[in-house]
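Inspection log for the structure reproduced underneath, given as structure tokens.
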Amino acid sequence: MIELSIGSKKRDDLGLERLCGGQVGICNNAVLTDGIQVGVINRSEELNYGQLGVINTACFAEACQIGLVNSCDDINGVQVGLLCRAENGKYVQLGLLTIRSGEKPWYKRVTPIFGYHKDD
Numbered sequence: 378m379i380e381l382s383i384g385s386k387k388r389d390d391l392g393l394e395r396l397c398g399g400q401v402g403i404c405n406n407a408v409l410t411d412g413i414q415v416g417v418i419n420r421s422e423e424l425n426y427g428q429l430g431v432i433n434t435a436c437f438a439e440a441c442q443i444g445l446v447n448s449c450d451d452i453n454g455v456q457v458g459l460l461c462r463a464e465n466g467k468y469v470q471l472g473l474l475t476i477r478s479g480e481k482p483w484y485k486r487v488t489p490i491f492g493y494h495k496d497d
């Protein structure tokens, strides 16, 4: 993994690694990110602020993801890219293909160009 961290990487009270600032590199990985990740592949368990890259993935995000492929399990924010996949949260998706979760039929969860979701 090649990365350059700008800011500080430290352990929080629970012993989890927290990145405060940003990461620039080929493959960026952080458990908790308070900042931005810029690279080819960006991955974070919990993300605040944003990701810019070819492949962006996060489990939980209060952020913006911009890249060719964006994926997040629980997001409050925006996804922009060729393929955008998200499950829960309040979000807007702009991309060639947007995929959302839910109990609706597949054709209401997969759309071109624009998608959105809001938790009830």
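Residues 378 to 497 in the working numbering are what the sequence shown lists, from first letter to last. Every residue, glycine too, gets a C-beta built ideally from N, C-alpha and C.
- Two segments are said to touch when three or more pairs of C-beta atoms, one from each, lie closer than 8 Å; by this definition the stretch 413-423 does not touch the stretch 447-462.
- According to the DSSP assignment, K485 belongs to the alpha helix (DSSP H) that extends over W483 to R486.
- In this structure, G458 lies near I443, with their beta-carbon atoms less than 8 Å apart.
- Beta-carbon to beta-carbon, G427 and C441 are separated by about 4 Å, close enough to satisfy the 8 Å threshold.
- The residues R420 and S448, in chain order, have a CB closer than 6 Å to that of T434 in the same chain once the five nearest residues on each side in sequence are set aside.
- The beta carbon of L473 is closer than 6 Å to those of L459 in its chain, skipping five residues each way along the sequence.
- Assigned with DSSP and collapsed to three states, K467 falls in strand.
- When only Cα atoms are considered, C404 and K481 end up about 35 Å apart.
- Y468 counts as buried, since no fewer than 16 other beta carbons sit within 10 angstroms of its beta carbon.
- Taken through DSSP and simplified to helix, strand or coil, S478 comes out as coil.
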